[in-house]
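Chains as they are written, first to last, in the working numbering: chain A, 1 to 561; chain B, 562 to 797.
Structure below.
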C-alpha cells in the first residue's frame with residue numbers, strides 16, 4: 001500500500017462519565033505511541049461543537065486519513081462522527097469508534113488501573129483496524145415513490161391516510177372483508193369514550209374516498225421481493241392475483257385477543273372476555289347484578305411472560321361503563337398489578353374507585369376460583385379466602401401476536417420477537433423502523449397498544465416512511481457484502497441459500513457463473529463471508545483481515561491488564 | 562453493573578459473521594477463551610444469522626477440541642441488547658470458567674508449543690473447502706433436506722462433520738510433514754500418533770488427488786513427497 005496511513009485519535013472525557021473513572025490523559029499519551037498515529041487530542045466532549053470542530057480542523061491541518069474516536073457507543077454517535085469526517089473532507093468510512101465508556105468506565109468504576117489498561121487495549125485494537133479501513137461510497141438506487149400498508153385497522157388506516165395526504169400513492173391491503181380491524185369489535189375507546197365503530201367508519205370512509213389510496217380488502221399477500229425503493233408485491237383477492245411495485249412498506253397487521261379456552265371456566269356466556277362484554281354493551285344486552293373481572297388471564301405466566309399493557313385500562317373503562325349504566329351492580333376487579341399509565345388513565349382509575357368499583361389484589365400462586373354463582377379469591381391482607389357472589393365473570397385476556405405474523409415476517413424478511421410480535425430495529429433509536437431499510441412498523445403488530453398509541457405510532461411510521469419516499473434516489477450504508485475476489489467465486493450458490501435478505505444472486509458473466517451482491521438489499525450480517533469456502537466475499541469494514549488485526553492487536557502484548 | 566476487566570469486545574454486525582478460523586486464530590494468538598455473544602433465537606436482528614453463528618461456533622469448537630483445546634474455552638451465548646445484567650452474568654461465569662482452566666495450555670491435552678501447531682492445522686482445516694461446504698449445507702440438510710429429499714438430524718450432521726474434522730486434520734498434518742521432508746507412512750504415523758494404516762489411507766488419497774507422489778523406496782517402505790505445487794500452498 002503506497003498511501004501513508006495518518007491516524008488521528010480523539011479521546012473523550014465525556015465530562016466525568018469517562019474521565020471520572022479512567023486516566024484519560026494517560027490514554028491520550030498511550031495513543032501517541034501506537035503505529036500510524038500522528039495526532040492525538042483529548043476532548044472534554046468530543047461530540048460537542050468544539051470537539052467536532054477539532055476533528056475537522058485536525059483532518060485538514062494534520063492531513064489525517066483515518067480518524068479514531070475513543071468515547072461512547074457507535075449506536076448513538078457513529079453517524080455524527082462519520083458526518084464530521086465527511087465535513088472535514090475525509091471519507092466517512094475511514095472512521096473507527098472505540099467504546100471506552102460502555103465497555104470501560106461504566107463497567108469498571110472501581111478499577112481505575114485495570115479499566116485504563118483495558119481502554120488502552122481497545123484503543124490499540126481500534127487503531128489497528130482503522131489502519132486497514134478502506135473508503136466506501138454510499139450505495140444509491142432509484143426510489144419507487146409508492147407505499148404499501150399491510151393491515152386495515154386503525155394503525156394501517158391512519159398510516160395510509162398520512163402518507164396519501166403527503167401526496168404518495170398508497171395501497172392498503174387488508175385480509176378481512178372490511179376495514180376497521182379490532183375497532184369493529186370494541187364499544188367505546190378510552191379515555192375519551194369515543195364510539196369505536198364510528199371512529200373506524202370515519203377512517204374507512206376517508207380511506208376509501210381518498211384518490212391516492214387503493215384499498216384491497218379480502219386480500220392476502222403471496223410474495224414480496226426486492227428491497228427499499230424497489231419492492232415487488234404479489235397479492236391475491238378472491239383468487240385473482242395482482243402485482244405491483246412499492247418503495248416502502250408499513251406493517252400494521254394488529255393483534256388478536258386471546259380466547260381463554262380452558263381458563264376460569266370460560267364459556268362465553270357466564271364467563272366472558274372483555275371483548276365479549278363490549279359486544280354486550282353494543283347490543284344493549286348487558287344485564288348483571290354482580291360482576292367480577294379477573295386480570296392477567298393467560299398473561300404474565302410461563303407461557304406468555306409479557307404484560308399486554310392495555311387490559312387494566314380496558315377493565316377500568318368497562319367497569320366504569322357498567323357503573324354508569326347500572327350503579328347498583330357490584331364490580332370487583334381482581335388484579336395482580338394495575339397498569340394505568342398516563343394522566344387520564346390514572347384519573348379514570350381513581351374515578352372507578354369513586355364509583356364504587358372494588359379492586360382486589362390476588363396472588364398468582366393462589367389464583368381466584370370461578371364456580372357457579374361465586375368467585376373465591378384469597379385476600380392477602382385478610383389472610384383468608386373471600387367469597388364474591390357473581391352472575392357475570394369477565395376475563396381480561398392479553399393481545400397476542402397475529403396468526404399471520406410468521407408468514408408476513410418471512411415474506412418481508414424481518415424479525416419477530418419471542419412472543420411473535422414484530423421486532424423493531426432498536427428499542428430506543430429505531431422504534432418504528434425495522435432493521436431492514438424501507439419497512440416500518442406501528443400499532444399492535446409491534447406490541448399491545450391503546451388506540452391513541454396506535455395512532456401516534458402510525459403517524460410516526462408514515463413520517464419515517466416518507467423520508468425515503470421524498471427522495472428520487474435512495475442511499476444506503478455501504479457496510480455490505482462485496483465480492484472481493486471474483487476469480488475465486490465458483491458460483492456455487494452456497495451463500496445465496498443462506499442470505500437472510502435475498503441480497504445475493506447467481507448471474508452469468510463472461511467468466512462463468514458468479515455471485516452478485518444486491519447492495520441495497522444487503523444488511524451486512526456477514527453470513528455469506530463466513531460461509532464462502534473460496535473466501536471470495538467479505539463485508540466492508542468487517543473484513544477477515546481487519547478482524548484478524550483487532551485480535552492480533554489485543555493479544556500482541558500478552559495478557560497484561 | 563460491573564464485570565471483569567479481562568474481556569475485550571470485538572464488534573461484528575452479527576454472530577453470523579463469525580468465521581470458524583477466527584476462533585482458531587484468536588487461540589493461536591494467545592487468547593485464553595473466546596465468547597461469541599449474539600441475539601436470542603427468534604429475536605435475531607439479522608433474522609437467522611445467529612443460527613448460522615451457532616453452527617459455525619459449534620464447528621470451530623469441535624475442531625479445536627479435536628486438536629487438543631479444552632472446549633470450555635469456547636462459548637456461544639445469547640443475550641439481547643436490553644439484557645445488561647444477563648450479559649454481566651454470562652461474562653462473569655465465563656471468566657470464572659477460564660480462571661479455573663488457567664492460561665492456554667494449562668488445561669489442554671497437549672503442551673503449548675505443540676498446541677499452537679495443532680491450532681494452526683485447525684485453522685487451515687476450518688478455512689478449507691470440504692468442511693465449509695458441509696457446514697454451509699447444515700441448515701438446508703436439517704430443514705428442507707438434500708436434493709433427494711433426505712433430511713438429516715443435527716446429530717447426523719455433527720457426526721458427519723466430526724468425521725470430516727478427523728480426516729481433514731490428519732490430511733493437513735500429513736501434508737505439513739511432507740512439506741518438511743519426504744517420509745513414509747510408518748514414520749508419519751509414529752510422529753502424528755495415528756495408526757499406520759490410517760496414515761497410509763490418507764497418503765494414498767492424496768496421491769490419487771495428485772498432491773503426493775513416491776519419493777523413494779527405503780527397503781520395503783516407500784517414502785512420499787509433495788509433487789503438486791498447489792499442495793505446497795495448501796500445506797502452508
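Glycine included, every Cβ here is placed at the ideal spot set by N, Cα and C.
Cutoff 8 Å: residue i Cβ touching any chain B Cβ
i	result
residue 108 of chain A	yes
residue 525 of chain A	yes
residue 551 of chain A	yes
residue 427 of chain A	yes
residue 168 of chain A	no
residue 22 of chain A	no
residue 300 of chain A	no
residue 351 of chain A	no
residue 12 of chain A	no
residue 306 of chain A	no
residue 542 of chain A	yes
residue 400 of chain A	no
residue 539 of chain A	yes
Local Cβ density within 10 Å of residue i, reported as buried at 16 or more and exposed below that
i	result
residue 558 of chain A	Low confidence applies to residue 558 of chain A: its pLDDT is 45, below 50, so where it sits in the model is not reliable, and the reading given next is rough at best. Classification of residue 558 of chain A: exposed, given that the 10 Å Cβ count is below 16.
residue 560 of chain A	Low confidence applies here, because residue 560 of chain A scores a pLDDT of 43, under 50, leaving its location unreliable; read the following figure in that light. So residue 560 of chain A ends up on the exposed side.
residue 305 of chain A	exposed
residue 63 of chain A	exposed
residue 88 of chain A	buried
residue 684 of chain B	buried
residue 716 of chain B	exposed
residue 562 of chain B	exposed
Any C-beta of chain A under 8 Å from that of residue i
i	result
residue 605 of chain B	yes
residue 640 of chain B	no
residue 617 of chain B	yes
residue 716 of chain B	no
residue 682 of chain B	no
residue 635 of chain B	no
residue 659 of chain B	no
As assigned by DSSP and simplified to three states, the class of residue i
i	result
residue 626 of chain B	helix
residue 131 of chain A	helix
residue 775 of chain B	strand
residue 58 of chain A	helix
residue 639 of chain B	strand
residue 202 of chain A	helix
residue 12 of chain A	strand
residue 48 of chain A	coil
residue 387 of chain A	strand
residue 378 of chain A	strand
residue 184 of chain A	helix
residue 786 of chain B	strand
residue 601 of chain B	coil
residue 25 of chain A	helix
residue 332 of chain A	strand
Proximal residues of chain A, C-beta to C-beta of residue i below 9 Å
i	result
residue 694 of chain B	492, 494 and 533
residue 689 of chain B	533
For residue j and residue i, the rounded distance between their alpha carbons
i	j	result
residue 360 of chain A	residue 199 of chain A	33 Å
residue 544 of chain A	residue 580 of chain B	8 Å
residue 58 of chain A	residue 49 of chain A	14 Å
residue 498 of chain A	residue 697 of chain B	8 Å
residue 133 of chain A	residue 96 of chain A	8 Å
residue 591 of chain B	residue 455 of chain A	55 Å
residue 507 of chain A	residue 228 of chain A	21 Å
residue 402 of chain A	residue 255 of chain A	5 Å
residue 203 of chain A	residue 157 of chain A	7 Å
residue 6 of chain A	residue 65 of chain A	5 Å
residue 154 of chain A	residue 431 of chain A	19 Å
residue 448 of chain A	residue 565 of chain B	38 Å
Beta carbon proximity, residue i to chain D, threshold 8 Å
i	result
residue 571 of chain B	No chain D appears in this structure, whose protein chains are A and B.
Amino acids of chain B, ordered along the chain, whose beta-carbon sits closer than 8 Å to that of residue i
i	result
residue 115 of chain A	566
Chain-ordered chain B contacts of residue i [CB-CB under 7 Å]
i	result
residue 554 of chain A	569
residue 443 of chain A	Here the premise fails: no neighbours, minimum Cβ distance about 20 Å.
Cβ-heavy atom distance, residue i to the ligand SAH, below 7 Å
i	result
residue 54 of chain A	The ligand SAH is not part of the structure shown, which contains no ligands of any sort.
Chain-ordered neighbours of residue i on chain A, where CB pairs are closer than 7 Å
i	result
residue 601 of chain B	418
residue 701 of chain B	497
Under 9 Å by beta carbon: chain B residues contacting residue i
i	result
residue 142 of chain A	Simply none; closest approach about 25 Å.
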